[in-house]
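Visitor:
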Amino acid sequence: MGKFLQALCCAVFGISSSVAADAASPVQISIDASKPGATVNRNLFGQFAEHLGRGIYEGVWVGTDSNIPNTRGIRNDVVAALKALKVPNVRWPGGCFADEYHWKNGIGPRDRRPPTLNPNWGGVIEPNTFGTHEFMDFVQQIGADAYLSVNVGSGTPAEAADWLEYMTTAQPTALAKQRASNGHPEPYAVPMLGIGNESWGCGGSMTPDFYVSQLKMYARYARNYNPAVKMQRIAVGPDTADTSYTRAVMEAWKNKTWAWDIEGISLHYYTVVKWPPAFKATGFGETEYATLLQSTRRMEELLRTHGAIMDEFDPAKKIALIVDEWGAWLAPTPGSPEGFLEQQNSQRDAIIAALNINTFARHAERVRGANIAQMVNVLQAMIFTDQEKMLLTPTYHVFRMYVPFQDAKSLPIQVSAGEYKHGDITLPRVDAIAARDANGKTWLALANLDPANEASAHVNLAGGTAKRARGETLVAPRIDSVNTFDAPKTVVPKVFSAQASGGKLTLRLAPASVTVVSLE
Ligand code: AHR
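Using my numbering, the letters of the sequence shown correspond one by one to residues 246 to 765.
Below is the structure:
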């Protein structure tokens, strides 16, 4: 392939172009607004809330007697912040926690619920005060769908079947009557159901074949009885690059009988470099910055690898790939309790979030859901709380800026960006996606990865002209800048606009920034 063609093809598919464009040369962006493609499914912006550290207790649930303003025990500030993100779904109760969770401990009068243990995460007492009804109240308060993860590891198909009957049937069964006596006569909606979590690891160390046998039973018996919603059943899929679960589940699905079915398969991939997570959340330099960005870019390769196997069995792309755990997993905040997975969140994490979302959008035909880990106080969180105080992280701001992409149609985009190099790491200088929303507005999201140099991006709109760009940009004094309770506005979006001049629209992207604009 000629050099020019190679550059063009790679740019279209979002791989860094090999055409050299040094920091001083403009980035060339061409968008074809006349050819809308796959929908950027709103479920790509899903959240994950596990019973882990202060993710649920304090982060979401403070109890009805708390001085922290709350609605039926759920803190109002967190609800308001999440509503602004238009969170499509929340995955709950885990994670590893899900495979040791027995839902019956979390219903009925709260003062009579049994305290249990949370061996995965610090061995703390799980009070079970936040259970099924509290979770459903929470998702209803923020306007999100429920994505329940049922216990395959230490549970039974009968326990999962009972949970679904308890939640979704309108018939006067004993379980439905129990639901009504616990305050909810109407059936709940459960649009997403995870069948186990990491069954290759904390969810039971199952071989692919053993898991597939379990999957067939759970997929049959954990029924949705609420005809108002279709329930997507999501099988456990790959851990990072291991393709054994992908192949086993997809092969089983291809040869399935009338007795069971699934609609999705999950992928877990963290930006971590190596285990145990050692990269610092603050006080890092450019080498750590570039290394983690390189690690996050691996998502592209993983979606291709697992997507190709799925295509072998499902060329029509009926089964969705749901990346229901992703994000930066860093060294824990010094002094934080063991197993609570608390870490600060910097401008680097904002760029990591944008790169992942852009990657999902490029694979929108197959990747139709994703859940960042995790929503509040855990890993790459949107929100931090400290008792009555609440703080929005740089990652939160990225999710808020990307709201217009929810359910927009992706547009073909060519990015000739050149490279950002650090040591032996080479990354694209700018990563971008474009989409058209339901009102016909064209949106462009760009991340300038180069931490030292501004990038000038020339935007060309095929089939139309781009006269103006308006939106927001997230810039920070440093790549490791964070928001703290003392300085909560160090990293916040700023208004961004650009006007075409001489027939050319040029966007000046600050070093290490994320920008989202609409084009007019
Ligand atoms: O998100 C933290 C943990 O990471 C989850 O519980 C588990 O599924 C994964 O290993």
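Even for Gly, the Cβ is constructed at its ideal location relative to N, Cα and C.
Quick check on Val419: does DSSP put it in helix, strand or coil?
Guide: The amino acid at residue 419 is misidentified as Val; the sequence shows Ala. Looking at Ala419 - three-state DSSP - the assignment turns out to be helix.
Visitor: Could you tell me which of Asn363, Leu719, Gly747 sits nearest to Leu754, measuring between CA atoms?
Guide: Of the candidates Asn363, Leu719, Gly747, the one whose C-alpha sits nearest the C-alpha of Leu754 is Leu719.
Visitor: Compute the Euclidean distance between the alpha carbons of Asn442 and Gln273, then round it to the nearest angstrom.
Guide: Looking at the two C-alpha atoms, the distance is approximately 42 Å.
Visitor: I'd like to confirm the pairing. Which residues does DSSP put opposite Asp390 in its beta bridges?
Guide: DSSP lists Asn334 as partners of Asp390.
Visitor: Taking all protein chains shown into account, decide if Phe342 is buried (16 or more other Cβ within 10 angstroms of its Cβ) or exposed.
Guide: Under this definition Phe342 is a buried residue.
Visitor: By Cβ distance below 6 Å, which residues in the same chain neighbour Asp569 in space, the five residues on each side in sequence not counted?
Guide: Contacts found: Arg336, Ser511, Asn616.
Visitor: So who's on the other strand from His703, going by DSSP bridges?
Guide: DSSP output for His703 lists Gln273, Thr751 as bridge partner(s).
Visitor: Can Ala618 be considered in contact with ligand 1, in the sense that its beta carbon sits closer than 7 Å to one or more heavy atoms?
Guide: It does: the Cβ of Ala618 is within 7 Å (strictly closer) of some heavy atom of ligand 1.
Visitor: How many angstroms separate the CA atom of Arg299 from the CA atom of Gly388?
Guide: Distance between the alpha carbons of Arg299 and Gly388 is about 22 Å.
Visitor: What do you reckon, are the CB atoms on Ser450 and Val481 nearer than 8 Å?
Guide: The answer is no: Cβ separation not under 8 Å.
Visitor: Can the beta-carbon of Leu656 be found closer than 8 Å to that of Glu664?
Guide: Not a contact, by the Cβ cut-off of 8 Å.
Visitor: Go ahead and label Thr760 buried or exposed: buried means 16 or more other beta carbons lie within 10 angstroms of its beta carbon, across all protein chains shown.
Guide: Thr760 should be labelled buried.
Visitor: Nearer than 7 Å: is that true of the beta carbon of Leu767 relative to any heavy atom of ligand 1?
Guide: In the structure as shown, the chain starts at 246 and stops at 765, and residue 767 therefore has no counterpart that could be examined.
Visitor: What does DSSP give as the partner residue(s) for His768 in the beta ladder?
Guide: There is simply no residue 768 to check, as the chain begins at 246 and stops at 765 in what is shown.
Visitor: When burial is assigned at 16 or more other CB atoms within 10 Å of the CB, is Ala529 buried or exposed?
Guide: The sequence shown places Phe at residue 529, not Ala. When all chains shown are included, Phe529 counts as buried.
Visitor: Could you check whether the Cβ of Phe342 sits closer than 7 Å to any heavy atom belonging to ligand 1?
Guide: Answer for Phe342: yes, Cβ within range of ligand 1.
Visitor: For Ala329, which beta-bridge partners are listed by DSSP?
Guide: The partner list for Ala329 (beta bridge, DSSP) is empty, contrary to what the question assumes.
Visitor: Short of 7 Å in beta carbon distance, which residues of its chain neighbour Thr361, apart from the five on each side in sequence? Order them along the chain.
Guide: Same-chain partners within the cutoff: Asn350, Glu371, Asn373.
Visitor: Below 7 Å, is the gap between the Cβ of Glu570 and the nearest heavy atom of ligand 1?
Guide: Answer for Glu570: yes, Cβ within range of ligand 1.
Visitor: Just the Cα atoms here: how many angstroms apart are Lys654 and Asn396?
Guide: Their backbone Cα atoms lie some 35 Å apart in a straight line.
Visitor: Run through the segment 454-533 for me and flag every whole alpha helix (DSSP H) of 4 or more residues, listed as ranges in chain order.
Guide: List check, alpha helix (DSSP H) in window: 489-499.
Visitor: Just curious, the alpha helix (DSSP H) that Ala599 is in, first and last residue?
Guide: 592-607 is the span of the alpha helix (DSSP H), which, as asked, contains Ala599.
Visitor: Can you give the Cα-Cα distance for Ala576 and Glu717, rounded to whole angstroms?
Guide: Straight-line Cα distance between these residues: approximately 30 Å.
Visitor: Taking the Cβ atom as the reference point for each residue, do Thr491 and Ile554 lie within a distance shorter than 8 Å?
Guide: Contact: yes.
Visitor: Compare the C-alpha of Ala609 against each of Trp574, Met635, Ala679 and name the closest.
Guide: Among Trp574, Met635, Ala679, the Cα nearest to that of Ala609 is on Ala679.
Visitor: Indicate whether Ser394 and Gly439 have their beta-carbon atoms separated by less than 8 Å.
Guide: For Ser394 and Gly439, yes; Cβs fall inside 8 Å.
Visitor: Report all residues from its chain with a CB closer than 7 Å to the CB of Arg681; omit the five preceding and five following residues, and keep chain order.
Guide: Here the set comprises Ala278, Pro281, Ala653, Lys654, Leu656, Thr687.
Visitor: Among Ala425, Gln592, Ile507, which has the Cα closest to the Cα of Tyr411?
Guide: Cα-wise, what sits closest to Tyr411 is Ala425.
Visitor: For a test of the three-state rule: what should DSSP assign to Leu438, helix, strand or coil?
Guide: In the structure shown, Leu438 sits in a strand (DSSP, three-state: E or B).
Visitor: Under the DSSP definition of a beta bridge, which residues are partnered with Met635?
Guide: Beta-bridge pairing links Met635 to Thr630.
Visitor: Return the Cβ separation of Asn334 and Arg613 in integer angstroms, given the expectation that the two are a contact with Cβ distance under 8 Å.
Guide: With 8 Å as the limit, Asn334 and Arg613 do not qualify as a contact, their Cβ atoms being about 11 Å apart.
Visitor: Between which two residues does the alpha helix (DSSP H) holding Ile617 run?
Guide: No alpha helix (DSSP H) contains Ile617, which is instead part of the beta strand (DSSP E) from 612-618.
Visitor: Would a C-beta distance cut-off of 8 Å place Ser726 and Val736 closer than the cut-off?
Guide: For Ser726 and Val736, yes; Cβs fall inside 8 Å.
Visitor: Near Ala266, which residues of its chain fall below 6 Å by C-beta distance, leaving aside the five closest residues on each side in sequence?
Guide: The predicted model places Ala266 with a pLDDT of 48, which falls under 50 and marks its position as unreliable; any figure quoted below should be read in that light. So the qualifying residues of the chain are Gly663.
Visitor: Ligand 1 and Glu545: does the residue's C-beta get closer than 7 Å to at least one heavy atom of that ligand?
Guide: No, the beta carbon of Glu545 sits no closer than 7 Å to any heavy atom of ligand 1.
Visitor: Taking the alpha carbon of Phe375 as the reference point, which residue from Ala743, Pro359, Leu636 has its own alpha carbon closest?
Guide: Among Ala743, Pro359, Leu636, the Cα nearest to that of Phe375 is on Pro359.
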